[in-house]
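Undergrad:
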Amino acid sequence: MDFDLENPLTNFDDRFPDKTFLFLVESDHMPSEKYLAGLRSVGCSDDLSVRRDIVSLISQLCCNLDPTLSYLAINYVDRFLSSHKLQRPKPWVLRLLAVSCVALAAKMLKTEISLADVQSDGGGFIFDAHSIQRMELLVLGTLQWRMRSITPFCFISFFVSLLKLRDPPLRQAIRARASEIILKAQNDIKLLEFKPSITAASALLRASQELCPLQFATFKSDISSCSFVNKDILLHCYNEMQDAATEGFESALDVHSSSDTPINVLDHHFSCSDSEMTNVAASTVRSQRSLKRRKTQ
Amino acid sequence: MEKYEKLEKVGEGTYGKVYKAKDKATGQLVALKKTRLEMDEEGVPPTALREVSLLQLLSQSLYVVRLLSVEHVDGGSKRKAAAAAAAEGGGGEAHGGGAVGGGKPMLYLVFEYLDTDLKKFIDSHRKGPNPRPVPAATVQNFLYQLLKGVAHCHSHGVLHRDLKPQNLLVDKEKGILKIADLGLGRAFTVPLKSYTHEVVTLWYRAPEVLLGSAHYSIGVDMWSVGCIFAEMVRRQALFPGDSEFQQLLHIFRLLGTPTEKQWPGVTTLRDWHVYPQWEPQNLARAVPSLGPDGVDLLSKMLKYDPAERISAKAALDHPFFDSLDKSQF
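So the protein sequences, as listed, match chains A and B.
Under full-length UniProt numbering, the first residue of the first sequence is numbered 1, with each subsequent residue one higher.
Under full-length UniProt numbering, the first residue of the second sequence is numbered 1, with each subsequent residue one higher.
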């Protein structure tokens with residue numbers, strides 16, 4: 001038996017002896033309450049615009065890369081900003097933070113890109129290695145080197161296993177669609193307060209409602225009866241997730257109309273027909289798989 | 001690092017010195033481990049990043065020593081480096097090569113402190129004023145906690161590769177055992193000698209490692225667990241070899257010289273030689289106070305073919321633990 005030591009997106013699988021572990025530690029990898037309250041507060045839109053600018057920068061920097069890379073980088077940013085409030089930051093500070101978080105995420109995901117590659121988006125400032133290194137260390141110190149973020153992706157396999165799905169193509173399609181919704185949900189500040197496991201479970205329910213509505217009721221009861229899931233919170237998240245889910249599914253072309261949603265490369269991914277979308281996400285999943293396979297050889 | 005007051009050097013981890021220290025603000029005792037952080041032109045090295053973050057995640061388990069904090073000391077800053085050197089105790093032993101405070105970036109890993117380790121615990125039962133067997137219930141309990149920790153690491157794709165009683169920390173009062181010295185296997189290569197040129201112990205090393213196998217897996221840790229299990233029962237090491245060759249002979253004398261039939265491919269391993277042909281002895285005689293379930297579990301941990309060796313997860317369900325109250329874990 002070989003190992004996937006390098007996969008930072010820890011996953012449930014058959015070898016997992018202690019399913020409670022990820023549920024116990026997932027909250028350590030979330031933005032703080034205070035930060036989220038700041039994003040939501042009406043009078044204080046500074047925090048929101050800082051986040052929106054950085055998310056947008058990260059999307060530019062990652063535009064041709066695996067979407068989980070930008071997801072991880074944005075998770076780092078949210079957790080960093082939870083401890084460091086940036087008061088009217090200069091544009092170069094935001095860009096340095098974005099570049100550093102992308103660099104860290106790329107290292108964690110073993111994506112072979114250099115700092116020069118990361119910064120080749122034509123977005124202005126090019127930072128030297130020393131500046132990026134210092135910023136990396138600041139981020140690492142703030143996050144206490146907890147860079148193996150527990151994200152919703154960690155929980156997909158676990159929840160899918162609860163859904164007794166016998167049809168492999170359908171299972172694959174639901175996973176793929178749920179992954180898209182999770183990526184999308186990161187842009188919606190209403191959804192940031194939910195634990196990664198709840199986000200994953202809700203995204204799977206959203207996906208199954210779209211793809212196999214007849215089985216939806218059964219899936220909902222399968223997932224809500226899981227002892228790690230608070231049913232009320234799950235339903236709350238599921239309802240809040242409607243926007244993230246429908247945006248990608250139906251009105252992909254008018255992403256700019258949603259004022260809270262930063263322009264994001266993911267939106268471009270979703271600007272295509274439904275079947276293509278499924279393919280995009282499915283190929284993402286496939287490429288992760290093949291990456292895994294290569295490592296284990 | 002000014003936050004901590006260094007009290008004494010408590011050990012020689014495989015990757016550097018370990019100090020007992022006190023958090024000046026809270027009075028909490030901690031273990032400080034120092035490693036060098038080699039920067040390259042791409043910033044923080046990916047291996048260090050992945051491994052320290054892995055350690056950070058794994059140490060959230062109850063059965064792994066908790067990593068409380070990770071402190072980076074910038075080599076460029078004279079003041080900080082000097083403070084760190086002071087925290088070192090001024091032994092002049094900084095292994096950075098250059099002058100103390102000369103500025104190699106360092107990483108301090110701050111762990112929770114436990115008062116003893118399994119080696120000292122076993123020693124205290126073998127010698128001293130009150131020699132006595134380790135109670136059977138304690139053996140069972142400690143082995144269960146060890147397997148929990150090993151299963152946790154393995155499920156995350158992490159091999160410990162150097163499990164030994166010195167690396168298992170014990171809280172005597174609470175009856176808790178936790179795995180330490182974990183995970184820094186890739187970024188910080190396993191040295192043959194520790195920094196004080198103490199020879200790294202071979203007693204717990206699996207035969208496939210001793211025979212130079214290029215590929216090894218969870219079996220290496222399970223072999224070590226078996227040796228540790230036997231040592232708790234015997235109060236002395238099962239295979240106390242003082243060289244790789246002697247280590248193999250110790251193993252072969254008890255378990256018999258391995259054959260191709262028992263362990264397909266063994267004779268093609270890099271360091272395989274022709275050995276005396278020993279017949280397997282009765283394992284129960286090596287651990288006389290252990291009951292049949294215990295001997296059965298031990299024999300499954302000490303299978304020659306690594307593929308046949310029991311996994312930590314399966315071992316947790318072995319009948320040996322039927323009498324254990326698992327609700328406490």
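We treat Cβ as the ideally placed atom computed from N, Cα and C, and that holds for glycine.
Determine the chain B residues that contact A/Phe125 at a beta-carbon separation under 7 Å, and present them in chain order.
TA: Taking the first residue of the first sequence as position 1, residue 125 of chain A is located at position 125. Result: empty, since nearest Cβ-Cβ is about 16 Å, beyond 7 Å.
Undergrad: Look at A/Phe80 and A/Val118 and say whether their C-beta atoms are less than 9 Å apart.
TA: Numbered from 1 along the first sequence, position 80 holds the residue referred to as residue 80 of chain A. Numbered from 1 along the first sequence, position 118 holds the residue referred to as residue 118 of chain A. No, the Cβ-Cβ distance between A/Phe80 and A/Val118 is not below 9 Å.
Undergrad: Measuring CA to CA, which of A/Leu214, A/Pro213, A/Glu210 and A/Glu180 is closest to A/Thr199?
TA: Within the first sequence, the letter at position 199 stands for residue 199 of chain A. Nearest option by C-alpha distance: A/Glu180.
Undergrad: Contact defined as beta carbons within less than 8 Å: I believe A/Ala73 pairs with A/Ile58. What is the distance between those atoms, to the nearest angstrom?
TA: In the first sequence, counting from the first residue as 1, residue 73 of chain A sits at position 73. In the first sequence, counting from the first residue as 1, residue 58 of chain A sits at position 58. Sure, about 5 Å apart at Cβ, within 8 Å.
Undergrad: Check this for me: beta carbons of A/Tyr76 and A/Cys101, under 9 Å apart or not?
TA: Against the first sequence, residue 76 of chain A aligns to sequence position 76. Against the first sequence, residue 101 of chain A aligns to sequence position 101. Contact flag set, yes.
Undergrad: Within 10 Å of its beta-carbon, does A/Tyr238 have 16 or more other beta-carbons around it, so buried, or fewer, so exposed?
TA: Locating residue 238 of chain A in the first sequence gives position 238, where the first residue counts as 1. Classification of A/Tyr238: buried, given that the 10 Å Cβ count is 16 or more.
Undergrad: Write down the C-beta distance between A/Val99 and A/Leu61 rounded to the nearest angstrom, noting that I regard them as a contact closer than 8 Å.
TA: In the first sequence, the residue the question calls residue 99 of chain A occupies position 99. In the first sequence, the residue the question calls residue 61 of chain A occupies position 61. Sure, about 7 Å apart at Cβ, within 8 Å.
Undergrad: For B/Gln247, would you say it is in contact with chain A, using Cβ-to-Cβ distances shorter than 9 Å as the test?
TA: For the purposes of this step, residue 247 of chain B is identified with residue 247 of the second sequence, where counting begins at 1. False, the Cβ-Cβ gap to chain A never drops below 9 Å.
Undergrad: Between B/Ser289, B/Phe320 and B/Ser124, which has its C-alpha nearest B/Met301's C-alpha?
TA: Walking along the second sequence from the start, residue 301 of chain B turns up at place 301. Answer by Cα proximity: B/Phe320.
Undergrad: Are the stretch 225 to 243 of chain A and the stretch 187 to 204 of chain A in contact at 8 Å, needing three or more beta carbon pairs?
TA: yes
Undergrad: Hey, quick one: how far does the beta strand (DSSP E) through B/Val110 stretch, first residue to last?
TA: Reading the second sequence from its first residue, position 110 is the one you call residue 110 of chain B. Taken as a continuous stretch (DSSP letters only), the beta strand (DSSP E) holding B/Val110 covers Met106 to Glu112.
Undergrad: Excluding the 5 residues flanking A/Leu115 on each side, which residues of the same chain have their C-beta closer than 7 Å to its C-beta?
TA: Locating residue 115 of chain A in the first sequence gives position 115, counting from the first residue. For A/Leu115, where only same-chain residues beyond five positions count, the Cβ hits under 7 Å are Ala103, Ala129 and Ile132.
Undergrad: Just the Cα atoms here: how many angstroms apart are B/Phe111 and A/Val55?
TA: What you label residue 111 of chain B is simply residue 111 of the second sequence in a count that begins at 1. What you label residue 55 of chain A is simply residue 55 of the first sequence in a count that begins at 1. So the two alpha carbons sit approximately 35 Å from each other.
Undergrad: Starting from the Cα of A/Arg148, find the closest Cα among A/Asp46, A/Lys231, A/Asp53 and A/Thr68 and give me that residue.
TA: Reading the first sequence from its first residue, position 148 is the one you call residue 148 of chain A. The residue with the shortest Cα to Cα distance from A/Arg148 is A/Thr68.
Undergrad: Which chain B residues sit within Cβ distance under 8 Å of A/Ala129?
TA: For this step, residue 129 of chain A is matched to residue 129 along the first sequence. Under the 8 Å cutoff, chain B gives Glu41, Glu42 and Gly43.
Undergrad: Which residues of chain A have a Cβ atom closer than 7 Å to the Cβ of B/Ser61, listed in chain order?
TA: Indexing the second sequence from 1 puts residue 61 of chain B at position 61. Neighbours of B/Ser61 on chain A, chain order: Phe21.
Undergrad: Could you name the residues that DSSP lists as bridge partners for B/Leu67?
TA: By 1-based counting over the second sequence, the position of residue 67 of chain B is 67. Residue pairing by DSSP places B/Leu67 opposite B/Phe111 in a beta bridge.
Undergrad: Of all the CB atoms in chain B, is at least one closer than 9 Å to the CB of A/Arg146?
TA: The residue you call residue 146 of chain A lines up with position 146 of the first sequence. True, the Cβ-Cβ gap to chain B drops below 9 Å.
Undergrad: Less than 9 Å separating the beta-carbons of residue 380 of chain B and B/Ala315?
TA: No answer is possible for residue 380 of chain B: it lies beyond the span of chain B, which begins at 1 and ends at 329.
Undergrad: Pair every Cβ in the stretch 242 to 255 of chain B with every Cβ in the stretch 148 to 160 of chain B, then say whether three or more of these pairs are closer than 8 Å.
TA: No, the stretch 242 to 255 of chain B is not in contact with the stretch 148 to 160 of chain B.
Undergrad: List the endpoints of the continuous alpha helix (DSSP H) containing A/Thr20.
TA: Here residue 20 of chain A corresponds to residue number 20 of the first sequence, with the count starting at 1. Taken as a continuous stretch (DSSP letters only), the alpha helix (DSSP H) holding A/Thr20 covers Thr20 to Val25.
Undergrad: Using the beta-carbon of each residue, which ones in chain A are nearer than 8 Å to B/Ser213?
TA: Stepping through the second sequence from its first residue, residue 213 of chain B is reached at position 213. None at all; the shortest Cβ gap to chain A is about 14 Å.
Undergrad: Looking only at C-alpha atoms, which of B/Gly175, B/Asp23 and B/Gly11 sits nearest to B/Glu5?
TA: Within the second sequence, the letter at position 5 stands for residue 5 of chain B. Checking every option, the nearest Cα to that of B/Glu5 belongs to B/Asp23.
Undergrad: Tell me the rounded alpha-carbon separation between B/Ile218 and B/Pro258.
TA: Position 218 of the second sequence, counting from 1, holds the residue named residue 218 of chain B. Position 258 of the second sequence, counting from 1, holds the residue named residue 258 of chain B. Their backbone Cα atoms lie some 20 Å apart in a straight line.
Undergrad: Round the Cβ separation of residue 330 of chain B and B/Gly212 to the nearest angstrom and send it over; I've been treating them as touching at under 8 Å.
TA: Summary: the structure shown does not reach residue 330 of chain B, with chain B confined to residues 1 through 329, and so no result is reported for it.
Undergrad: I'd like the span of the alpha helix (DSSP H) that includes B/Lys148, first residue to last.
TA: Your numbering for residue 148 of chain B matches position 148 in the second sequence. First-last of the alpha helix (DSSP H) with B/Lys148: Ala136 to Ser155.
Undergrad: Please confirm whether B/Asp23 has its beta-carbon closer than 9 Å to some beta-carbon of chain A.
TA: One-based indexing of the second sequence puts residue 23 of chain B at position 23. So no, B/Asp23 is outside the interface.
Undergrad: Kindly indicate which residue of A/Ser41, A/Leu143 and A/Leu170 has the alpha-carbon position closest to the one of residue 298 of chain A.
TA: No answer is possible for residue 298 of chain A: the residues shown for chain A start at 1 and end at 297.
Undergrad: For the stretch 98 to 113 of chain A, enumerate the residues whose C-beta is nearer than 9 Å to any C-beta of chain B, in chain order.
TA: Ser100, Ala103, Leu104, Ala106, Lys107, Met108 and Lys110
Undergrad: With B/Ser53 and A/Trp145 assumed to form a contact (beta carbons below 8 Å), what rounded beta-carbon distance in angstroms separates them?
TA: Here residue 53 of chain B refers to the residue found at position 53 when the second sequence is read from its first residue. Here residue 145 of chain A refers to the residue found at position 145 when the first sequence is read from its first residue. B/Ser53 to A/Trp145, Cβ: 5 Å. Contact.
Undergrad: Based on the DSSP secondary-structure assignment, which residues constitute the bridge partners of B/Glu72?
TA: In the second sequence, the residue the question calls residue 72 of chain B occupies position 72. According to the sequence shown, residue 72 of chain B is His rather than Glu. Looking at the DSSP assignment, B/His72 forms a beta bridge with B/Leu107.
Undergrad: So the candidates are A/Ser32, A/Asp222, A/Lys107 and A/Ala185; which of them puts its Cα closest to the Cα of B/Arg50?
TA: Your numbering for residue 50 of chain B matches position 50 in the second sequence. When each option's Cα is compared against that of B/Arg50, the closest is A/Lys107.
Undergrad: What is the DSSP secondary structure of B/Gln328, counted as helix, strand or coil?
TA: Position 328 of the second sequence, counted from the first residue, corresponds to residue 328 of chain B. B/Gln328: helix per DSSP, three-state reduction.
Undergrad: Counting along the chain, where does the alpha helix (DSSP H) carrying A/Leu94 start and finish?
TA: Sequence index remark: in the first sequence, residue 94 of chain A carries index 94 (1-based). Pro91 to Met108 is the span of the alpha helix (DSSP H), which, as asked, contains A/Leu94.
Undergrad: Output yes if chain B places a C-beta closer than 9 Å to the C-beta of A/Asp28; else output no.
TA: The residue labelled residue 28 of chain A in the question sits at position 28 within the first sequence. Answer yes: the Cβ-Cβ gap between A/Asp28 and chain B drops below 9 Å somewhere.
Undergrad: Does DSSP put A/Arg88 in a helix, in a strand, or in coil?
TA: Position 88 of the first sequence holds residue 88 of chain A. Coil, per DSSP.
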